[in-house]
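Here is the structure we will look at.
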Amino acid sequence: MVSALDQNGPQYLQNPIVIAADWIGFIALFGSSLAVAYKLVTFKGPDQDDVYFFGYREEKMISVFVNLFAALAYWAKLASHANGDVGPAASVTTYKYLDYLFTCPLLTIDLLWCLNLPYKFTFGAIVAVCILCAFMASVIPPPARYMWFGMGITVFSAAWFNILKLVRMRLEQFVSKEAKKVRQSLKVACMTYFFIWLGYPTLWVLGDAGVLDSVVSALLHTFLDVFSKSIYGFALLHFVMRTDKREFIFVPLKPSVEKIVVEDDESTSSGAESTRASKSKIMIGSRVKKLRSSATDELRPSATNMNPWLNGLPNGLSMGGSMGSMGGMPGMPGGMGDHGLEDVEMHNQSAQQQYLATQEEINQVNKQLQDLLMRTGGAGRSI
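Count along the sequence shown from 1, add 6, and you get the number used in my numbering.
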């Protein structure tokens, strides 16, 4: 599709329908940028106590700039209309593709970043290459025009299918009850991203074939711009706010889903405050073994603080396994026998459910304790 000016001259730009469409596009996109910015800035986090929640997570504000850049492109068109669409100001093709060069890569990065998917900036750069090819195909006469279109559609198809593959892998991991509650808004954003984008090369082909005139093409481009940026932005905003409110964790992409319940140690003795202090985090994806091993090391010292009679032990030691033979030691509440172990298990039940400490770890702890007793010459028996 050649530039609109090359097809019909500047006359169609002064068509009232085209001017009205540009006003609609500007109002919708600029209004969306303000609305999305307001919702993000006023969001106070999952506990309603963080005024700058997204201020420290600015990557989730990309949709604000997507809509703002697109609105500026429509503002440039309106300024051109005010000047009579003559001279350099009437370069509407340049405005359009300058808009796409900023917004399309940002849309891609935004989607992949929200889902913590790989190749965020790689696919963003590839989409920028597609836009450059589309611009060249719009301003250069044939046969070079079709060469640029062929290059652009090839790169676009490869990027489109690979991004779709990644997003589908993440969507398939939304299997828990909590995850399904927020999945619908993500589906709307994804449908907008993947299917509306197919309309742009379709319009290029129809325009180049003479099926669409410039006025209809301008109307359809406005429709696609609003849906692919404003509707997409609101859908993704809804998804982001709901996942952050529920403290979803998107770990590196692997085919499993785990739910981890994190409970404050002090909440076990607070009764009514226990429910409030307990937080349920949905982990989308896996790498759970690695997370468990690091988290278990951090957990053990805090677990010993739950029982004063454990404070004298070196950090990293816990009771378990074959400690029944040491029961009944004077000065230790309940001894260190089976009843003492049951008390420890009651205090650490939530922690044991989180990390599912293996028998091998327990045996290692017992071995460390036995080595300690041997080094101290049985001093522990006189405690």
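Glycine included, each C-beta is placed from N, C-alpha and C at the ideal position.
TODO: Assuming ALA79 and LYS102 form a contact by the criterion Cβ under 8 Å, report the distance between their Cβ atoms to the nearest whole angstrom.
DONE: 6 Å
- [ ] Note down, in chain order, each residue of its chain lying with its Cβ closer than 7 Å to the Cβ of PRO314, except the 5 sequence neighbours on either side.
- [x] For PRO314, the pLDDT reaches just 42, beneath the cut-off of 50, and the residue's location in the model is therefore unreliable, although a value from the coordinates is still provided. Answer for PRO314: no residue qualifies.
- [ ] Could you tell me if TYR411 is buried or exposed, where buried requires 16 or more neighbouring beta carbons within 10 angstroms of its beta carbon?
- [x] With the chain covering only 7 through 389, there is no way to say anything about residue 411.
Task: Span of the alpha helix (DSSP H) around LYS126 - done: For LYS126, the enclosing alpha helix (DSSP H) stretches over residues 126-145.
Task: Per-residue DSSP class, three states only, for PHE108 - done: helix
Task: CA nearest to the CA of TRP119, picked from GLU178, SER163, LYS66 and ALA43 - done: LYS66
TODO: Quick one: grab the DSSP three-state call for PHE75.
DONE: Looking at PHE75 - three-state DSSP - the assignment turns out to be helix.
TODO: Could you spell out the range, first to last residue, of the alpha helix (DSSP H) harbouring GLU184?
DONE: 183-197
- [ ] Give the C-beta separation of LEU123 and LEU259 to the nearest angstrom, bearing in mind that I take them to be a contact with Cβ-Cβ under 8 Å.
- [x] Right, the Cβ-Cβ distance comes to about 6 Å (below 8 Å), so this counts as a contact.
Open item on the list: For TYR106 and CYS139, what's the separation of their Cα atoms in angstroms?
Closed with: Computed Cα separation, rounded: 12 Å.
Open item on the list: Which of the three DSSP states is assigned to GLN374 in this structure?
Closed with: helix
- [ ] Would you kindly check if the distance between the Cβ of PHE180 and the Cβ of ARG174 is under 8 Å?
- [x] Taking 8 Å as the Cβ cut-off, ARG174 and PHE180 do not qualify as a contacting pair.
Task: Three-way DSSP call (helix, strand, coil) for PHE180 in this model - done: Reduced to three states, the DSSP call for PHE180 is coil.
Task: Cβ separation of ALA76 and LYS235, assumed to be a contact under 8 Å, to the nearest whole Å - done: 5 Å
Task: Contacting residues, own chain, Cβ-Cβ under 7 Å from SER39 (five flanking each side not counted) - done: VAL70, ASN73, LEU74 and ALA77
- [ ] From the DSSP output, in three-state form, read off ASN168 for me.
- [x] helix
TODO: Rounded to whole angstroms, what's the CA-CA distance from ILE255 to ALA195? Just pull it up for me.
DONE: 19 Å
Task: Segment contact flag, the region 221-239 with the region 21-33, C-beta cutoff 8 Å, min 3 pairs - done: yes
Task: Buried versus exposed call for VAL57 [16 or more other C-beta atoms within 10 Å across all chains shown] - done: With fewer than 16 Cβ atoms within 10 Å of its Cβ, VAL57 is classed as exposed.
- [ ] Please state whether DSSP places VAL92 in a helix, a strand or coil.
- [x] In the displayed model, VAL92 falls within coil according to three-state DSSP, outside both helix and strand.
Task: Three CB pairs or more closer than 8 Å across the region 243-255 and the region 124-143 - done: The region 243-255, when compared against the region 124-143, does not touch it at the 8 Å Cβ threshold.
Open item on the list: Quick check on the DSSP output: the alpha helix (DSSP H) that includes ALA224 runs from which residue to which?
Closed with: 220-231
Open item on the list: For LYS426, tell me which candidate among GLY93, LEU121 and MET153 has the shortest Cα-Cα distance.
Closed with: Residue 426 is absent from the structure shown; the chain starts at 7 and stops at 389.
Task: Helix, strand or coil at ASP250 according to DSSP, with G and I counted as helix - done: helix
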